[in-house]
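First the structure, in the form of structure tokens, and then the observations on it.
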Amino acid sequence: DVKVTQSSRYLVKRTGEKVFLECVQDMDHENMFWYRQDPGLGLRLIYFSYDVKMKEKGDIPEGYSVSREKKERFSLILESASTNQTSMYLCASRDRGISEKLFFGSGTQLSVL
Amino acid sequence: DAKTTQPTSMDCAEGRAANLPCNHSTISGNEYVYWYRQIHSQGPQYIIHGLKNNETNEMASLIITEDRKSSTLILPHATLRDTAVYYCIVNNAGNNRKLIWGLGTSLAVNP
Numbered sequence: 005d006v007k008v009t010q011s012s013r014y015l016v017k018r019t020g021e022k023v024f025l026e027c028v029q030d031m032d033h034e035n036m037f038w039y040r041q042d043p044g045l046g047l048r049l050i051y052f053s054y055d056v057k058m059k060e061k062g063d064i065p066e067g068y069s070v071s072r073e074k075k076e077r078f079s080l081i082l083e084s085a086s087t088n089q090t091s092m093y094l095c096a097s098r099d100r101g102i103s104e105k106l107f108f109g110s111g112t113q114l115s116v117l
Numbered sequence: 004d005a006k007t008t009q010p011t012s013m014d015c016a017e018g019r020a021a022n023l024p025c026n027h028s029t030i031s032g033n034e035y036v037y038w039y040r041q042i043h044s045q046g047p048q049y050i051i052h053g054l055k056n057n058e059t060n061e062m063a064s065l066i067i068t069e070d071r072k073s074s075t076l077i078l079p080h081a082t083l084r085d086t087a088v089y090y091c092i093v094n095n096a097g098n099n100r101k102l103i104w105g106l107g108t109s110l111a112v113n114p
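Chains as they are written, first to last, in this note's numbering: chain A, 5 to 117; chain B, 4 to 114.
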């Protein structure tokens, strides 16, 4: 089975800190995604990457950046964390082409104080 | 992209079939219906998808109406472990960047 691993399950950071969320997948998938999930708002796409060094903005990219230097790893960066970025962050991967399944990690619950 | 409408919550008795409805009246001809579920504190998990024919796998069955404007996910013998939020999504295959995730149906399976 595909495994998508997020580096931290829970994270507490201070306002203004630079925060790195790491995600690794083990199935050689082309596409990787970062979502955030907030109560009452559902999952919202922050960024996605369709190949190494290739990325596109999702619906809510402001305050975030991403890095994909290797195919298996997709990092989400909060340049200067703010309290409104307190959320559950979910990473997902998907094979290119007609494959329809998204595979998600277990999520990182980030609290910014 | 088509949006979906699902009931906010449902209950089901353990061992009985759980039938989760979804309306997608604006679905277009090349859009698939996907179902995912999210157990508390975990990432969403793919369940099943279909275009126009009914589908079955080891997890569930998917019934799509002939006009494709609605569908039903069936868990034939619900267990306590099926308690989760179930998301119905429509999208072109291979275009997950545009997936619109609603709030889903919170299914409670009761002993």
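Every residue gets a Cβ at the ideal spot worked out from N, C-alpha and C, and that includes glycine.
For this session: Give, in chain order, every residue of the stretch 38-64 of chain B whose Cβ lies closer than 9 Å to some Cβ of chain A.
Result: Tyr39, Gln41, Ser44, Gln45, Gly46, Pro47, Gln48, Tyr49 and His52
Exercise. Under a CB-based cut-off of 7 Å, is B/Gly32 close to chain A?
Worked result: no
Problem set entry | Same chain, Cβ closer than 7 Å to B/Glu17, neighbours up to 5 away in sequence not counted | Ala81, Thr82, Leu83, Val112, Asn113 and Pro114
Exercise. For B/Glu34, does the count of other Cβ atoms within 10 angstroms reach 16, so buried, or fall short, so exposed?
Worked result: buried
Problem set entry | Span of the beta strand (DSSP E) around B/Thr108 | Thr108 to Asn113
Problem set entry | Chain-order list of residues whose beta-carbon lies under 8 Å from that of A/Glu83 (same chain, five-residue window excluded) | Lys22, Gly67, Tyr68 and Ser69
Exercise. In chain A, which residues lie with their C-beta within 9 Å of the C-beta of B/Leu106?
Worked result: Those are Gly44, Leu45 and Gly46, listed as they occur along chain A.
Exercise. Which term fits A/Thr112, buried or exposed, when burial requires 16 or more other beta carbons within 10 angstroms of its beta carbon?
Worked result: Buried.
For this session: Could you say if the stretch 102-111 of chain B and the stretch 66-73 of chain B meet the contact criterion of at least three C-beta pairs nearer than 8 Å?
Result: no
Problem set entry | Own chain, CB closer than 7 Å to B/Asn22, minus 5 neighbours either side, in chain order | Thr75 and Ile77
Problem set entry | Residue(s) in a DSSP beta bridge with B/Pro24 | Note: B/Pro24 is bridge-paired with B/Thr75 in the DSSP secondary-structure output.
For this session: Give me the Cα-Cα distance between B/Ile103 and A/Ser110, rounded to the nearest whole angstrom.
Result: 20 Å
Exercise. Counting only beta-carbon atoms, is A/Leu114 nearer than 7 Å to chain B?
Worked result: no
Exercise. For A/Leu15, which residues of its own chain have a beta-carbon under 8 Å away from its beta-carbon, when the five flanking residues on both sides are left out?
Worked result: Val23, Leu25, Thr112, Gln113, Leu114 and Ser115
For this session: Might you give, ordered along the chain, the residues of its own chain that have their beta carbon closer than 6 Å to the beta carbon of B/Met1, omitting 5 neighbours on each side?
Result: What is shown of chain B runs 4 to 114, which leaves residue 1 of chain B out entirely.
Exercise. Once you ignore the five residues that flank B/Asn60 on each side, which residues in its own chain have a CB closer than 6 Å to its CB?
Worked result: Only Ile51 meet the Cβ criterion.
Problem set entry | Length of the line joining the Cα atoms of A/Ile50 and A/Leu106 | When rounded, the distance between both Cα atoms is 15 Å.
Problem set entry | C-alpha gap between B/Tyr37 and A/Ile81, whole angstroms | 30 Å
Exercise. Can you name the residues of chain B whose CB is closer than 7 Å to the CB of A/Ser110?
Worked result: In chain order, Gln45 and Gly46 make up the part of chain B whose C-beta sits under 7 Å from the C-beta of A/Ser110.
Exercise. Is the distance from the Cβ of B/Asn57 to the Cβ of B/Ile66 below 7 Å?
Worked result: yes
Problem set entry | Backbone CA spacing between A/Leu117 and A/Ile64 [nearest angstrom] | A/Leu117 and A/Ile64: Cα-Cα distance of roughly 21 Å.
Exercise. According to the neighbour-count rule (16 or more other Cβ atoms, all chains shown, within 10 Å of its Cβ), is B/Thr86 buried or exposed?
Worked result: Answer is buried; the Cβ neighbour count reaches 16.
Problem set entry | 8 Å Cβ shell around B/Asn26 - same chain, five flanking residues per side excluded | The beta carbon of B/Asn26 lies closer than 8 Å to those of Thr7, Thr8, Gln9, Lys72 and Ser73 in the same chain, with the five residues before and after it left out.
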